[in-house]
Amino acid sequence: MGLLYGNAQCNAEMHHEVKKGLEEGWIWTIAVLPPEEGWQSEEGQSISLALSVLEQEINESAAGIAGYDVFFELEDIPSEEELEVRQKAWQKNNVAVLSFVRGSLNNNLVSLLGEKGPVLLSAYGENLSLRNEKGSILPYVFALDLPETYRAEALAAYGSHIFKTDNGVAQITDRLDDGLSARSDRFSTLAAKHGWPVYNFWKSGAGDNSFKTIYQEGIQSGANCFILWLDSLAMTNIYQSQREDGLSLSLWYGGEPNPALRNCEGIIAVSQEYSLESDLSLAAFERKIWTITRKNVPDRALAGRAWSAASWLLQGLHRAKTPDPDIVAALMPAIEGVSLGKKVLKFSDQTHRPEEREVSILQVKKGRFEPIATVNVRGGEE
Numbered sequence: 021m022g023l024l025y026g027n028a029q030c031n032a033e034m035h036h037e038v039k040k041g042l043e044e045g046w047i048w049t050i051a052v053l054p055p056e057e058g059w060q061s062e063e064g065q066s067i068s069l070a071l072s073v074l075e076q077e078i079n080e081s082a083a084g085i086a087g088y089d090v091f092f093e094l095e096d097i098p099s100e101e102e103l104e105v106r107q108k109a110w111q112k113n114n115v116a117v118l119s120f121v122r123g124s125l126n127n128n129l130v131s132l133l134g135e136k137g138p139v140l141l142s143a144y145g146e147n148l149s150l151r152n153e154k155g156s157i158l159p160y161v162f163a164l165d166l167p168e169t170y171r172a173e174a175l176a177a178y179g180s181h182i183f184k185t186d187n188g189v190a191q192i193t194d195r196l197d198d199g200l201s202a203r204s205d206r207f208s209t210l211a212a213k214h215g216w217p218v219y220n221f222w223k224s225g226a227g228d229n230s231f232k233t234i235y236q237e238g239i240q241s242g243a244n245c246f247i248l249w250l251d252s253l254a255m256t257n258i259y260q261s262q263r264e265d266g267l268s269l270s271l272w273y274g275g276e277p278n279p280a281l282r283n284c285e286g287i288i289a290v291s292q293e294y295s296l297e298s299d300l301s302l303a304a305f306e307r308k309i310w311t312i313t314r315k316n317v318p319d320r321a322l323a324g325r326a327w328s329a330a331s332w333l334l335q336g337l338h339r340a341k342t343p344d345p346d347i348v349a350a351l352m353p354a355i356e357g358v359s360l361g362k363k364v365l366k367f368s369d370q371t372h373r374p375e376e377r378e379v380s381i382l383q384v385k386k387g388r389f390e391p392i393a394t395v396n397v398r399g400g401e402e
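Using my numbering, the letters of the sequence shown correspond one by one to residues 21 to 402.
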């Protein structure tokens, strides 16, 4: 399935041109995997509309991509059993794979393509490791998001603006969750550089609800702020518990801000997505898509993300002037000028991600997450 727009006759003509281009060798195809909601969802439509406009712009230009047209081939999400067969097809027919999958399948894709190719770019990638078991970066995989430890980096950066040197910080961490433990460890390292005393408390999975004892010990230790590397349910429980005790602790949440936390007035969370979601410059991009396709974009932030991810990949191919995955992968970190909303990105050959992302510090106010600060976070560690 490829990008379809216009009427049935136009679609038939387009597929004829694509088939002809593939046979004659003047089209490069990029396999695109949808979000979990599928291509017919609002998310899928937003992505496909952005890609259709980008594809049209490239193919109507004189230069194309290194003299080639491009075709974004919209595919279904493969099952685990189909992955190896699909990989062989990608190696034979596609110059790269662009994934909008956010679930565990991404890990399987990275494991499969990371050392064999073709080039795989995740349009997300926060919870995705791009490294092998020895800690080395995998040559053929890239991601648009910073890794999950960026949350520790962002909270430490925010703390550096509001904390005094002797400000005590208590961390409550689910020791059974490796990702949350990694964020906690990273914050401890950063706090030590600032000279903040850190008091670490551990929670043993979802059944451990001994929050009252923990925050009482934290207060007695001298903590002025509590960072919760827990799930949202545990965050809600500790918020309610300390309120019932007549306390008003400074609570920072180390996970993704979500609607379940909107009743927790005053808590702090961070997001690398919020600045894009609230980026007013995307209004012009939305109008551009409407002008060309005569279709409304359900989610302009996601359309902007699709444009940025695809642009990074296309510029890598353009500079390589060949679909050879070794050459494309080697050039991807050197690409400059790709915009994510109004923010221009640079990329790192050490992480295969942006060198820096703008991160919003959010606070729940009257049932809504509202921005209270912005910090620029570099890299992050996996």
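Where is the CB? At the ideal position from N, CA and C, for every residue including glycine.
CA-to-CA distance, residue j to residue i, given in whole angstroms
| i | j | result |
| --- | --- | --- |
| residue 346 | residue 377 | 27 Å |
| residue 329 | residue 118 | 8 Å |
| residue 71 | residue 304 | 16 Å |
| residue 360 | residue 182 | 29 Å |
| residue 308 | residue 365 | 22 Å |
| residue 209 | residue 104 | 40 Å |
| residue 399 | residue 187 | 26 Å |
| residue 154 | residue 171 | 24 Å |
| residue 270 | residue 284 | 11 Å |
| residue 386 | residue 281 | 11 Å |
| residue 145 | residue 98 | 18 Å |
| residue 257 | residue 220 | 19 Å |
| residue 277 | residue 290 | 7 Å |
| residue 138 | residue 350 | 13 Å |
| residue 265 | residue 237 | 14 Å |
| residue 12 | residue 81 | Missing from the structure shown is residue 12; the chain here goes from 21 to 402 and no further. |
| residue 143 | residue 241 | 42 Å |
| residue 53 | residue 121 | 7 Å |
| residue 40 | residue 343 | 19 Å |
| residue 336 | residue 196 | 39 Å |
| residue 379 | residue 63 | 22 Å |
| residue 384 | residue 320 | 24 Å |
| residue 130 | residue 150 | 7 Å |
| residue 275 | residue 134 | 27 Å |
| residue 50 | residue 179 | 42 Å |
Burial state of residue i, where buried means 16 or more other Cβ atoms lie within 10 Å
| i | result |
| --- | --- |
| residue 338 | buried |
| residue 194 | buried |
| residue 36 | exposed |
| residue 191 | buried |
| residue 371 | buried |
| residue 392 | exposed |
| residue 177 | buried |
| residue 198 | exposed |
| residue 92 | buried |
| residue 114 | buried |
| residue 279 | exposed |
| residue 292 | buried |
| residue 223 | buried |
| residue 65 | buried |
Three-state secondary structure assigned by DSSP to residue i
| i | result |
| --- | --- |
| residue 377 | strand |
| residue 403 | Any question about residue 403 goes unanswered here, given that the chain covers just 21 to 402. |
| residue 190 | strand |
| residue 335 | helix |
| residue 136 | coil |
| residue 113 | helix |
| residue 29 | Note that residue 29 has pLDDT 42, beneath the 50 cutoff, so the model's placement of it is unreliable and the number below is only indicative. Residue 29: helix per DSSP, three-state reduction. |
| residue 324 | helix |
| residue 364 | strand |
| residue 383 | strand |
| residue 24 | Below a pLDDT of 50, predicted positions are generally treated as unreliable, and residue 24, at 42, falls in that range; the measurement from the model is reported next regardless. In the structure shown, residue 24 sits in coil (DSSP, three-state: anything other than H, G, I, E or B). |
| residue 357 | strand |
| residue 79 | helix |
| residue 282 | coil |
| residue 51 | strand |
| residue 396 | strand |
Residue i - containing alpha helix (DSSP H), residue span
| i | result |
| --- | --- |
| residue 308 | 302-313 |
| residue 207 | 198-214 |
| residue 346 | 345-351 |
| residue 222 | Unbroken run through residue 222 is the beta strand (DSSP E), 218-223; no alpha helix (DSSP H). |
| residue 182 | 170-182 |
| residue 94 | Counting along the chain, residue 94 falls outside any alpha helix (DSSP H), though it belongs to the beta strand (DSSP E) covering 89-94. |
| residue 297 | 294-297 |
Where the beta strand (DSSP E) containing residue i begins and where it ends
| i | result |
| --- | --- |
| residue 235 | First-last for residue 235: 231-241, but that is the alpha helix (DSSP H), not the beta strand (DSSP E). |
| residue 119 | 116-119 |
| residue 59 | Here residue 59 belongs to no beta strand (DSSP E), and DSSP marks it neither H nor E. |
| residue 46 | Residue 46 -> no beta strand (DSSP E), and no H or E assigned at all. |
| residue 250 | That residue, residue 250, is in no beta strand (DSSP E); it is neither H nor E in DSSP. |
| residue 266 | Here residue 266 belongs to no beta strand (DSSP E), and DSSP marks it neither H nor E. |
| residue 291 | 288-291 |
| residue 101 | Where residue 101 is concerned, there is no enclosing beta strand (DSSP E), given that its DSSP letter is neither H nor E. |
| residue 163 | 161-163 |
Interface flag, residue i vs chain D, CB-CB below 7 Å
| i | result |
| --- | --- |
| residue 393 | The question asks about chain D, but that chain is absent: this structure has only one protein chain. |
heavy atom of the ligand FMN below 6 Å from residue i C-beta
| i | result |
| --- | --- |
| residue 245 | Here there are no bound small molecules, and the ligand FMN is not part of this structure. |
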